[in-house]
Amino acid sequence: MHTTIEIESLGKQFDSPSGQWLFRNVDAQITEPTTIGVLGKSGQGKSTLLRILGRLIPPDSGIVRLNQKDISQWDPAEWRMKMSYVAQHAVMLPGSVEDNLRTVSTLHQRPFDQKHARDLLEQLYLENLDWSKPAQQLSGGEKQRLALARTLLLQPEILLLDEVTASLDALSKQAAERLLIDLHTQTGTTLIWITHDLEEARIACKRIWFMANHELHEDAPSEAFFHAPQTVAAKDFLHNQKTMVVAAEEGH
Ligand SMILES: Nc1ncnc2c1ncn2[C@@H]1O[C@H](COP(=O)(O)OP(=O)(O)OP(=O)(O)O)[C@@H](O)[C@H]1O
Ligand SMILES: [Mg+2]
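Heads up, the sequence shown is in UniProt numbering, so the first residue is 1 and it goes up one at a time.
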């Protein structure tokens, strides 16, 4: 049986006393393995939504169910094993590269699979990484890939990816994208993937969640979203992004 997710009337308020909603009334269902690109302007709550789904912060309204069981009925560790969040800014655990790879397995009471770890690092062009090096000393891009490998070792059924290729060079970015797409194809892992790179979303994602106007403004198959967006906000968003890409290519 595939893991299913139901999101009903989900909302999160700003912390300020005004109690304004960052987003609200988010409804969505995932009933089969898929790849979803989460798009939207900066500050629309994309990371916040994924952090709620990853059970790192609570919502202020609404319900999330995994396999028809409400979030409150799940052991938090079990929930996070099924649906794991990979952060926008990779946080290294204390210790070496190897400690980082091992600790996540230890925390989740899983045996550490060294071969799997080596395979993942190789696919992410980190085969020459010194496992005894303090993880804090890695570059931003190395940290980001190590954080991704660390989570992939847990083999979650749903991956919540927060701009995981944002600080990578072109080659490493392509490698990470290939790894994630292959993982979905081969194992049916669902990807919920925040990106500001429309090409990445187009290549990797079957469905788009577009966040704007304090809500999940469009939820559509990728093809439909990119070719015939239904709302003014989505049309403007796509138009502006395209204009910026053209300007960058022309060196403005
Ligand atoms: N813990 C928090 N307390 C208060 N405000 C927060 C908190 N987390 C996020 N916010 C606010 O919520 C808004 C949305 O933040 P979020 O990081 O979810 O946006 P985003 O869509 O992921 O943006 P970006 O594309 O820049 O990463 C921001 O204004 C942010 O300051
Ligand atoms: Mg974000």
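We treat Cβ as the ideally placed atom computed from N, Cα and C, and that holds for glycine.
What are the boundary residues of the beta strand (DSSP E) that includes valine 38?
35-39
Among His116, Arg207 and Gly19, which has the Cα closest to the Cα of leucine 154?
Selected option, being the one with the closest Cα: His116.
Whole-angstrom distance between aspartate 182 and glutamate 98, CA atom to CA atom
25 Å
Between the region 33-51 and the region 181-201, can you find at least three pairs of beta-carbon atoms closer than 8 Å?
yes
Assign serine 84 to one of two classes, buried (16 or more other C-beta atoms within 10 Å of its C-beta) or exposed (fewer than that).
Buried is the call here.
Shorter than 7 Å, the distance from the beta carbon of serine 47 to the closest heavy atom of ligand 2, or not?
It does: the Cβ of serine 47 is within 7 Å (strictly closer) of some heavy atom of ligand 2.
Exposed or buried, which one is glutamate 218 when buried takes at least 16 other CB atoms within 10 Å?
buried
Coarse secondary structure for proline 134, derived from DSSP in three states
strand
So for phenylalanine 210, helix, strand or coil by DSSP?
Under the three-state reduction of DSSP, phenylalanine 210 is assigned to strand.
DSSP three-state assignment for arginine 110, whether helix, strand or coil:
Note: arginine 110 maps to coil in three-state DSSP.
Buried or exposed: where does isoleucine 158 fall if 16 or more other Cβ atoms within 10 Å of its Cβ makes it buried?
buried
With 16 as the cutoff for other CB atoms within 10 Å, does asparagine 100 come out buried or exposed?
buried
With 16 other Cβ atoms within 10 Å as the buried cut-off, status of valine 232
exposed
Inspect the beta-carbon positions of valine 86 and aspartate 162 and report whether they are closer than 8 Å.
Annotated as proximal: valine 86 and aspartate 162, with beta-carbon spacing under 8 Å.
Within 10 angstroms of the Cβ of arginine 145, are there 16 or more other Cβ atoms? Answer buried if so, exposed if not.
buried
Taking only three categories from DSSP, how would you classify glycine 60?
Position check: residue 60 holds aspartate in this sequence, whereas glycine was assumed. Note: aspartate 60 maps to coil in three-state DSSP.
Please report the straight-line C-alpha distance between alanine 176 and leucine 120, rounded to a whole angstrom.
10 Å
Give a single yes or no on whether aspartate 162 has its beta carbon closer than 7 Å to a heavy atom of ligand 2.
yes
Grab me the residues of glutamine 20's own chain with a C-beta within less than 6 Å of its C-beta, minus the 5 sequence neighbours each way, in chain order.
Excluding sequence neighbours, glutamine 20 sits near Phe14.
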